[in-house]
Each structure stands twice: as structure tokens, then as C-alpha cells.
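Notes to accompany the following structure.
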Amino acid sequence: MTRVPGTVGHGLRIIVVIPALNEEATIAQVIQKIPREMQGGCVTSVVVVDDGSTDQTARVASEAGALVVRHGRNLGSGAAFATGRARAVELGAEVICHIDADGQFDPQDIPELLSPLLRGEADFASCTRFGRKEIEPEMPAVKKWGNRVVTALVNWATGGHFTDASCGFRAYTRETAHHLNLFSPFDYAQETLMVLSRLNLRLVEVPLRVRGVRGHGESRIAASVLSYGMRCLVILLLTMRDMHPLRFFGALAVISTTVGLFLGAWVLGHWWVTGGTVPYPSFLLGSTLFIVLGFLLLVLALLADMVVRQRIVAERTMFELRLLRDTVKATSSPVASAAQQLGTVTAGEEGATE
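Every number in my numbering is 750 more than the matching position in the sequence shown, counting from 1.
Next comes the structure, spelled out in C-alpha cells:
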């Protein structure tokens, strides 16, 4: 389990991260509506990640009081998520909250989303648009269906019970941020859930009312639902390959071997009845190839599983190093301050002695 630094009584340092792409029409309103004080914490900074906007998003966000980090070109939502997370950690965030810049999520709901984290009951909290029937947003049927399919795939891969795996309104503790090593430059939402589920962190969903349709512009995730769905599917498969290679390649090995055995049994049955393999000699070759491929995939599954075990050790080491860096920073600042004060006093005493 992850421990949140600090206590509710003292309040936690919260930083809100807003990825933005051509959102000059809504970004200022989103920033200004963010509550600065809440039970258990306070928002100390708002970081806007301008992901290659061609309008005045960066200027408007800066004038609204946000710290703006700019990408020279559009790198994708996953890259914007990573940049915002890294900047928030650098600024000393104890809790990091991500919210979209298009106004579909109400910034006034941030305290409710953060509530499980500030009470120390969760390590990661995500808004769900489909958690309660009475607050489900109006959206195109194909989009709603696509979200449900993607969520079902994530649940199958993680063994979880999520209701919304694609929502970008989410929050997590600093230590949870140290656990995240994501690879997709595009759709980070599903990969995040799969990575954190593997670590057995406390993940919760918070049902919130959201707008199902944007007021301005088009989705920065993907203009085409089909394109978005295909991209999510590829990311899910790649994440499964990297996190559960024994299951992934093992399933392919079973499928290949089964096909090979079926073709071989067909030829064997024909030979038993007729005494020959004609007209199925190609089936015999195919049977051999599929069985050999199944064996090779099984070997690959075992080797990949060994690599993943090494990766887990490496990620655990990286996590411990990040925690150590936090500890060193926390202890070095008071020491440096005390040393500076001591140096000032000593210099004053020496001046007096002279």
C-alpha cells in the first residue's frame, strides 16, 4: 500500500495538471473554477501542458495564473500526461490531479474526486461517467459502446471491476506517480490502470456528473471513434504482452498447437479410412508448421516471463530510488537552511570579535 506524505490535519500539497491542445476558448474558465482550498489539502499550483497548440492556449492559460509547459509539437495525450506528472513531482506535489481543458469535467468536483486520497483510503482515484445510471452523460451511442468495450478488455486483463477505463479526470498520490512507467505516447488511461492493478495499489472510481459532448472544438484523443478504439486495442495488447507474456504468448501457443493438432488429426483420419493422404498433403505440412510454431511460442513465453521478472525488480529499484530522492530533498532543505543560519551567526560573531 502507498502512504500519502503528510496528514489530513496539516493538509496536502495538491497540483492540478491540465493537458491542452487548442483550448483557448475554455482553458481560462477551467483554471479559474479550480477550488484552491479543500478539506485535507490545498491547490498550490496549476500546470497546463500545451501539447503543440496552434492557437493562444498557452498565453490564455498563463494569464489565468497557470504555469505553462509547452511541447514544440503535438506529441499525444500520453506524452502530455507524462510531462505534467513529471513537472508536478518536481514542484513537490503530494497529490496530483489531472483534468481536461475542454470543460467537460467540472473543476468544482475536484474535492470530491480527491476525497478518498486525502482521507488516506486510496492511492489512485478516477472519475467514472458510468458508475450511476442517473448521472450517465448523453453521448453518441457508438462512443458509449466503445468505452464499454475498452473497459471490458481492461477488466479482463486486470481482473478488475472498472466501469470507465477511458476517463481523463483522475488523481493519485506522489508515491503512486513514482510507480508509473508508461510507454504509450497516446492513450495513457488504460495502460495506467493495468500497471497500477498489477502493483495491487488501492484504485477507486468516483461517480461524477460530466458533460458528454464538448462545447468547443473536437476531441484531442481522436476524431474517429474507430481510430480511437483500434489504438486502445493495440495498447491493451502491447501492455498485456509486456506485463503478462506467459499468458499472452502462452495463449498464442495453445491456439497454434490446437490448429496443428486439428489438421494432423484430419489427415490421420483420412489416411485411416482411405489409406492415403491425397488430397490433403498440404494439411500435413500445415500441421507440422503450426505445432512447431506453438512450441516456439511456448519457449518465447517462458523467456519473456523471465525478462518481465527482471523488469519488476528494476522498477522496484527505481521506485525505491525515487523515494530516497524525496527523502534526501526533504532532509537536505532544513539542513541547508540551518547551515546558512549558522554561517550567518558565525560570520557575525567573527566580525564582533575583530
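Note that CB positions come from ideal geometry on N, CA and C, so glycine has one too.
In this text, all values refer to a predicted model and were calculated from it rather than measured experimentally.
Outcome for Ala851 when other beta-carbon atoms lying within 10 angstroms are tallied against a minimum of 16: Buried, because 16 or more other Cβ atoms sit within 10 Å of the Cβ of Ala851.
Inter-residue CB distance, Ala1003 and Leu1047 (contact presumed, cutoff 8 Å): 4 Å between Cβ atoms; contact.
Local Cβ density within 10 Å of Leu868, reported as buried at 16 or more and exposed below that: Taking every protein chain shown into account, the CB of Leu868 has 16 or more other CB atoms within 10 angstroms, so this residue is buried.
Distance, Gly790 Cα to Phe1105 Cα: The structure shown has nothing for residue 1105, since the chain only spans 751 to 1104.
Rounded C-alpha distance that separates Ile784 from Arg1075: Going from the Cα of Ile784 to the Cα of Arg1075 covers about 30 Å.
Endpoints, the alpha helix (DSSP H) within which Arg879 is located: Premise fails: Arg879 is in no alpha helix (DSSP H) and is neither H nor E.
Selection from Thr1024, Glu871, Ala775 and Gly1014 that minimises the alpha carbon distance to Ser1037: Just measuring C-alpha positions, the residue of Thr1024, Glu871, Ala775 and Gly1014 sitting nearest Ser1037 is Gly1014.
Gly828 beta carbon less than 8 Å from that of Asp937: yes
Burial state of Thr908, where buried means 16 or more other Cβ atoms lie within 10 Å: buried
Distance, Gly896 Cα to Gly979 Cα: 7 Å
Short Cβ contact (8 Å threshold) for Pro887 with Val960: yes
Where Ile885 falls, given that 16 or more other Cβ within 10 Å makes a residue buried: exposed
Beta-carbon gap between Arg879 and Cys917 smaller than 8 Å: yes
Residue span of the alpha helix (DSSP H) that contains Gly834, given as start and end: Ser827 to Glu840
Beta-carbon spacing of Val1017, Thr1027 below 8 Å: yes
For Pro887, the three-state DSSP class (helix, strand or coil): coil
Reduced DSSP secondary structure (H/G/I, E/B, other) of Ala1097: Because the pLDDT at Ala1097 is just 38, under 50, the model does not fix this residue reliably, and the value given afterwards should be weighed accordingly. Ala1097 falls in the helix class under three-state DSSP.
For Phe874, three-class secondary structure by DSSP: Three-state result, Phe874: strand.
Cβ-based burial, Gln928 [other Cβ within 10 Å; buried from 16]: As written in the sequence, residue 928 is His, which differs from the Gln given in the question. Taking all protein chains shown into account, His928 has 16 or more neighbouring C-beta atoms within 10 Å of its C-beta and is therefore buried.
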